[in-house]
Every structure is written in structure tokens, then in C-alpha cells.
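J.: This is the structure I want to talk about, given as C-alpha cells.
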Amino acid sequence: MSYKAKISKTANGVKEKKSVLFIEYLLVDAPAKTKIETEDTNANIDGYIELLDEDGYPKGKVTIQVKTVNKVDENKNRFPCPTSLFAHAEVTTDIVLLIAVDHSQNVALWKYISRSLLEENRSKEEQETITLHFGNEEKLSSSTLSTTLQTWRSISQREVKINQDASYLSAENEKLRQLILQSQNSTFKIAKEDVIKIQQFSDAYNHLLDSEFRYIKETIFPKCWKRGIAIYTFGDTELCYSLFNIKYGENSLLMKQLPETVMRYDKGDYSSCQYQSNDIKENHKLMAIKLVKTHVEKFIKERRIIPAYDEFILEYVRDFCVYSNRELNIDDSKLSDIPKLIEQIKHKYPRISSMPHTVLRGHKKIPINILYEGLLFLQNRGYTKIPSLYPNRGNYADSGLVSSWYTPELAFQKLQMVVTVAYSAYSDFINNNFPFLAKELDCYYGANIIVIDLEYTSDGWPCIYILFLKNQMPDNTKKIIFTKKESSPLLKENEVEEYSKLFQLPLVTYQGKQYVLFRGQGGDAHKYLFDRYNFLSVFYDVLEDRMQEYFKQITEN
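So the sequence shown is residues 826 to 1382, counted in our numbering.
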């Protein structure tokens, strides 16, 4: 069993902003640094508080979710905490705090979502919320600021000690120590220098998954503490191994050697054999990077998440219902009615809230839980109908093309909408989930202006061109410009007819300023205009491009 997570919700409204400002005002002169987002799209956290000593040196860090106490709970020292925060705390190594601001008391109620609190509420994991009660020592105000920060520092230092202090192992009793030693593989015959290489690989691999790519680890390998490696064959020019999860609370070795014959039965979730090389011996850091790259590629290929934007969810639900209606067997009259859709799905799949369900299309299983969660998300956002997001399609009067195609003007309108929403969602996604790589994965590639140009006429195939312009002078400008090729100001100002000619110029002129044109890409515009799930396709297209570029750079350096 596990706590029931839910789709990310965007924190909206004046109340949430007011609560964040209340916390930041309390901490403005305190030995602490805050980074708290408002109106964010992250599922379970709003930011963090870095804890400092009196000299300003870091002494710990806590991850927080900020909430506002509702009128019904004001002055009662209680708050219905979303169960999704418990789900997040269960799979992360962060210190997670709920901070619920009670403006009627001018206090912020706080609760550490600890392992013991998770276990105490295990019977409530299927609920949407869990009501928490707060003692006097769990109130943050101007009068309790010093003691509260000291408590948080103590919690942070205690958790760091438990996880990192090597003296913890030496304090174990002899019986436990012998038990651990007995669990070592007695047939471990790898040379010491090779063991060191494997340990270095394990350190590099797990470090990447615990830092830069922690979100990938938490998504693909939920509840995983570390990734272990089983060695079957290890030589100068041969290597057979598999990788496996070591979950929290599980007593298992990070590294073990097993007979090669066992590999067919114990492959873990990833296995590989090399018979002409040994990547661990040759370059353990590069091998760690390449493995993480395969995890990222898996995440992108499977489209593991849908950004919690109304446009993404509306488009996904609408396209899913239209293209999978035969498999869903849902009455056409209910396809745009959200309450009726929810009712019919719950009637067909009574346990959909607690277990996965799929429909079969050909040989492919299509999960419908995402559809159901998307409908609930929209209902909670106040939607009762599924509106059409795009301008209506129309046929070309002079070409006879089918009416499912857009006219050039409608295509341009849709392109602007899809790119604007998808790029915004991408930026939020990277900043929230890959904070250490926010600069490297920026969709602007360091540019100041992205020019997105559509070539789309009644007698031609729709094409898109994306150009990246960087100012030679320091400039914080970041904007996206949409143009049509037949009236492109970039082509006219530089007196050329094709974009390829621009790359032959040392500098290009745009609106009277000179820029370096350092990158360009283009191709078929179908994924932006005609394919299913346009927002999602563009989002993952940008993510794939940026990740490929990032891995290319770090593997070549």
C-alpha cells in the first residue's frame, strides 16, 4: 500500500500569496533564506527554507508546502493536509514541512512530515486529506521565531547525521555487525582495484540520481533509496551486470557478485553485457552519465507526466475521448460533459481510484487512470464542459483541401497558442524539478530572442523555422517572436529571401539591433498543428532536444 498521490494543482489566489508573504516577513531578519514560489505548478512543494547559523553559514534546509487555514479551521490549531504531501514525503529524502498560515491568530502552524507521522496515519492513506493538529511548539510567530528555527535546525542536523555520519555504523552492536558481514557474498572474487572502480561508478551514478536527476529517480524508481549493482562478469574487456532498486527500509548491498548463470533469473530492471570492453574500468563517470541518459530517454518516451496546466489537461482529455472513444465505449452525448464522464467511468471501473485500469487498442494497452485523474482535476478547477481550445478549422477556398486542415491565419493562431503554453510549462517544469540544471536546460539556449516562423500557404506543405538570437551586449531580455515567412521582418531587414542565408552573416539585424544568430532548427509543423496532444508533443519535443544537447556537451567534455 502507499499514500494516494494526486495530480498537481496550481496554487492560486490572494490567500496563498498573502500566506507566503507572511512567512517571508517573519523570516526577513532571521538567520534563514527563503525561496518560495507562488502560483507554481509543482505538485507537492512550494519551495524551501535554508537554515543559517548566526554567522550566515548553512546549517540545514527544509522543503515546505505553504497552505492557508480556512475559515472553518481558524483558531482551532488544525488543518486538513493533502495526502499527496504525505506521498511526496514518503519517497523523498528531503525534510518536508507543512506550513499552514492562520491569519486569525497571526501564526504559521507547522508540522514535520516525519517517518513516524507517515506510519501513524497509514490507515488513512486512501483519503484525500488527513487532519493534523498542532501543539504550541508547532506555531511560528514573531515570539517563537528563534526556538522554531532552532528546532528546524535540530531536525535537519539529526537527519543528516542518520544518513551520512559514518560513526553511526560503528555504534551498532556486534551482533548486527556480524549479521551484515555474513550477508556479504562469500564468493566475491573481484580484485581490490576493480572493486574500487565499481564503487566509484556506484558513487557517480547514485550522486547524479540524488542531485541533478533526482526527479527522474523519484518518478521512474519510486521509494528507491539507492540503485545497487550486481556483477556477473568483470574483466579487462568484458562486463556483465544488472541494476536494481534498494528501497527505503530494505537491508541490501549496494554491490554484489553473482554467478553469470543467475543473470537469466535475476536481471534487476536493467541489465547489460559487454564482451569487447568494460565501461566501468575505462571511464566510470562516463558510464554513469550514459546510464542516467537512458533513464531520461525512458521518461521522455513514456511521457511519464502531464504538466498541471488547464490547457494540457483539457487537450489530453478531449483528444483521449475522441481517439479512444471506441475502446472506452462512452456515449457520444457525454464526451464533453465532465460530471457525466466521471460518473460513467466510475460505473465501468468502480476501483479506478485505487488500482490501474487499461483499455486495449490493437496490441497496446492504454491507461485510463490518467484520463480519470484529468477529469477530476478539471472538475476541481470548476470546469463542467470540455471547451475547444483551438480556433475552428476550415478549408481553403482556392485549393479544395479537406476541411480538417487550417487556413494559414488559423494555423498561425494555433501555433502561437501551442508554443506559448508549452514553453511556459517547460520552463516551470525545469525550474521546479531540475533546479541544478535550470541554466543548462533553458529552452532559450542562452538566447535573448526566439523567432518562430511559420511557412504555410494554400499550395505548400506547412513548415516551421526556429531561430535563436543573442545580443552581443549584456541583455536580460527573453521573448518569443512569431512571424510568417511571407512577411518575415527578419528576412526583410537583412535583405535575404531564405533563412539559410542569415547564417552566412556575421551579425543579423532585428528591429534595428544586431544579434548573433547561433542556432536554428526547423521541419514539419504537423506536431504543432495536426497531431494529437499538441501541447504535450511540443513540451516533450523541447525537453528531448535540451536533454540531448546537455548530455552531448557533458560527454564530450
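We put the beta carbon where it would ideally sit given N, CA and C, even for glycine.
Nearest-angstrom Cα distance between residue 1045 and residue 1117?
T.: Your numbering for residue 1045 matches position 220 in the sequence shown. Your numbering for residue 1117 matches position 292 in the sequence shown. Near 11 Å, if we compare the C-alpha coordinates of residue 1117 and residue 1045.
J.: Rounded to whole angstroms, what's the CA-CA distance from residue 852 to residue 1260? Just pull it up for me.
T.: Locating residue 852 in the sequence shown gives position 27, counting from the first residue. Locating residue 1260 in the sequence shown gives position 435, counting from the first residue. Taking the straight line from one Cα to the other gives about 23 Å.
J.: In angstroms with no decimal places, state the Cα-to-Cα distance between residue 862 and residue 1291.
T.: Locating residue 862 in the sequence shown gives position 37, counting from the first residue. Locating residue 1291 in the sequence shown gives position 466, counting from the first residue. Cα-Cα distance, rounded: 30 Å.
J.: Do the CB positions of residue 1247 and residue 1364 come within less than 9 Å of each other?
T.: If you number the sequence shown from 1, residue 1247 lands on position 422. If you number the sequence shown from 1, residue 1364 lands on position 539. Their beta carbons are under 9 Å apart, which means residue 1247 touches residue 1364 by this criterion.
J.: Under DSSP, the beta strand (DSSP E) around residue 931 begins and ends at which residues?
T.: Mapped onto the sequence shown, residue 931 falls at position 106. That residue, residue 931, is in no beta strand (DSSP E); it is neither H nor E in DSSP.
J.: Out of curiosity, what's the CA-to-CA distance linking residue 1382 and residue 1265?
T.: By 1-based counting over the sequence shown, the position of residue 1382 is 557. By 1-based counting over the sequence shown, the position of residue 1265 is 440. Spanning the two alpha carbons is a distance of roughly 14 Å.
J.: Buried or exposed: which applies to residue 1343, given that a residue is buried once 16 or more other Cβ atoms fall within 10 Å of its Cβ?
T.: Numbered from 1 along the sequence shown, position 518 holds the residue referred to as residue 1343. Answer is exposed; the Cβ neighbour count stays below 16.
J.: If we ignore side chains and look at the alpha-carbon of each, how far apart do residue 1182 and residue 1146 end up?
T.: On the sequence shown, residue 1182 is found 357 positions in, with the first residue counted as 1. On the sequence shown, residue 1146 is found 321 positions in, with the first residue counted as 1. Spanning the two alpha carbons is a distance of roughly 15 Å.
J.: Indicate the three-state DSSP secondary structure (helix, strand or coil) for residue 1162 in the structure shown.
T.: Counting from one through the sequence shown, the residue named residue 1162 turns up at place 337. Residue state, collapsed to three classes: strand.
J.: If we count Cβ pairs, one from each stretch, closer than 8 Å, do we get three or more for the region 1093-1111 versus the region 1122-1131?
T.: no
J.: Under 9 Å between the Cβ atoms of residue 1289 and residue 1349?
T.: As a position in the sequence shown, residue 1289 is number 464, starting the count at 1. As a position in the sequence shown, residue 1349 is number 524, starting the count at 1. Result yes, Cβ atoms of residue 1289 and residue 1349 sit closer than 9 Å.
J.: Based on DSSP bridge pairs, tell me the residues matched to residue 1099.
T.: The residue you call residue 1099 lines up with position 274 of the sequence shown. In the DSSP output, where bridge partners are listed per residue, residue 1099 has 1064.
J.: Quick check on residue 1329: buried or exposed, where buried means 16 or more other Cβ atoms within 10 Å of its Cβ?
T.: Along the sequence shown, read from residue 1 onward, the residue named residue 1329 stands at position 504. Exposed, since its Cβ has fewer than 16 Cβ neighbours within 10 Å.
J.: When you compare each of 1130, 928, 1236, 1026 to residue 1251 by their alpha carbons, which one comes out closest?
T.: Here residue 1251 corresponds to residue number 426 of the sequence shown, with the count starting at 1. Selected option, being the one with the closest Cα: 1130.
J.: Nearest to residue 850 by CA position, among 1244, 932, 1273, 1245, is which residue?
T.: Translated into positions along the sequence shown, residue 850 becomes position 25. With distances taken between Cα atoms, residue 850 lies closest to 932.
J.: According to the Cβ coordinates, are residue 908 and residue 953 closer than 9 Å?
T.: Looking up residue 908 in the sequence shown gives position 83. Looking up residue 953 in the sequence shown gives position 128. Yes, the pair counts as a contact, with Cβ atoms nearer than the cut-off.
J.: What residue range is occupied by the uninterrupted beta strand (DSSP E) comprising residue 1307?
T.: Position 482 of the sequence shown, counted from the start, is the residue given in the question as residue 1307. From DSSP, the beta strand (DSSP E) with residue 1307 extends over 1304-1309.
J.: What distance in whole Å lies between the Cβ atoms of residue 872 and residue 886, which are believed to be in contact at a cut-off of 8 Å?
T.: Position 61 of the sequence shown, counted from the start, is the residue given in the question as residue 886. Position 47 of the sequence shown, counted from the start, is the residue given in the question as residue 872. Not quite, the Cβ-Cβ distance comes to about 11 Å (not below 8 Å), so this is no contact.
J.: Out of 1176, 918, 846, state which residue places its alpha-carbon closest to the alpha-carbon of residue 928.
T.: Position 103 of the sequence shown, counted from the first residue, corresponds to residue 928. The shortest Cα separation from residue 928 among 1176, 918, 846 belongs to 846.
J.: Let me know the beta strand (DSSP E) ranges lying completely inside the region 835-905, each 3 residues or longer, listed in chain order.
T.: 857-861, 872-877, 883-893
J.: Would DSSP call residue 1001 helix, strand or coil?
T.: Sequence index remark: in the sequence shown, residue 1001 carries index 176 (1-based). Bear in mind that a pLDDT of 44 at residue 1001, under 50, signals an unreliable position, so the number given afterwards is only what the model happens to contain. Helix.
J.: What are the partner residues of residue 1020, as DSSP defines its beta bridges?
T.: Within the sequence shown, numbered from 1, the residue matching residue 1020 stands at position 195. Per DSSP, none; premise fails for residue 1020.
J.: Given this structure, state the Cα-to-Cα distance separating residue 1316 from residue 1336, to the nearest angstrom.
T.: Residue numbering aside, residue 1316 sits at position 491 when the sequence shown is read from its first letter. Residue numbering aside, residue 1336 sits at position 511 when the sequence shown is read from its first letter. Spanning the two alpha carbons is a distance of roughly 11 Å.
J.: Under a three-way DSSP split, which group does residue 1418 fall into?
T.: Given that the chain is displayed from residue 826 to residue 1382, the structure contains no residue 1418 and the question cannot be resolved.
J.: Classify residue 1199 as buried or exposed, calling it buried when 16 or more other Cβ atoms lie within 10 Å of its own Cβ.
T.: The count along the sequence shown starts at 1 and reaches residue 1199 at position 374. That one is buried.
J.: Along the alpha helix (DSSP H) that carries residue 913, what are the first and last residues, could you check?
T.: As a working mapping, residue 913 is identified with position 88 in the sequence shown. Residues 908-916.
J.: Can you tell me whether residue 856 is buried or exposed? The criterion is at least 16 other CB atoms within 10 Å of its CB, across all chains shown.
T.: Start at 1 with the first residue of the sequence shown, and residue 856 comes out as number 31. Buried is the call here.
J.: The beta strand (DSSP E) spanning residue 1338 covers which residue range?
T.: By one-based count along the sequence shown, residue 1338 stands at place 513. Note, residue 1338: beta strand (DSSP E), 1338-1349.
J.: Quick check on the DSSP output: the beta strand (DSSP E) that includes residue 1143 runs from which residue to which?
T.: Indexing the sequence shown from 1 puts residue 1143 at position 318. Residue 1143 -> not in any beta strand (DSSP E); alpha helix (DSSP H) instead, spanning 1135-1148.
J.: Report the residue from 1103, 1137, 1272, 1175 whose alpha carbon sits nearest the alpha carbon of residue 1026.
T.: Taking the sequence shown and counting its residues from 1, one reaches residue 1026 at position 201. Answer by Cα proximity: 1103.
J.: Can you say whether residue 1232 is buried or exposed, counting buried as having 16 or more other CB atoms within 10 angstroms of its CB?
T.: For this step, residue 1232 is matched to residue 407 along the sequence shown. Classification of residue 1232: buried, given that the 10 Å Cβ count is 16 or more.
J.: What's the gap between the Cα of residue 1008 and the Cα of residue 1028?
T.: For the purposes of this step, residue 1008 is taken as the residue at position 183 of the sequence shown. For the purposes of this step, residue 1028 is taken as the residue at position 203 of the sequence shown. Only weak support is given to the placement of residue 1008: the predicted model assigns it a pLDDT of 43, under 50, and the question is left unresolved by the model.
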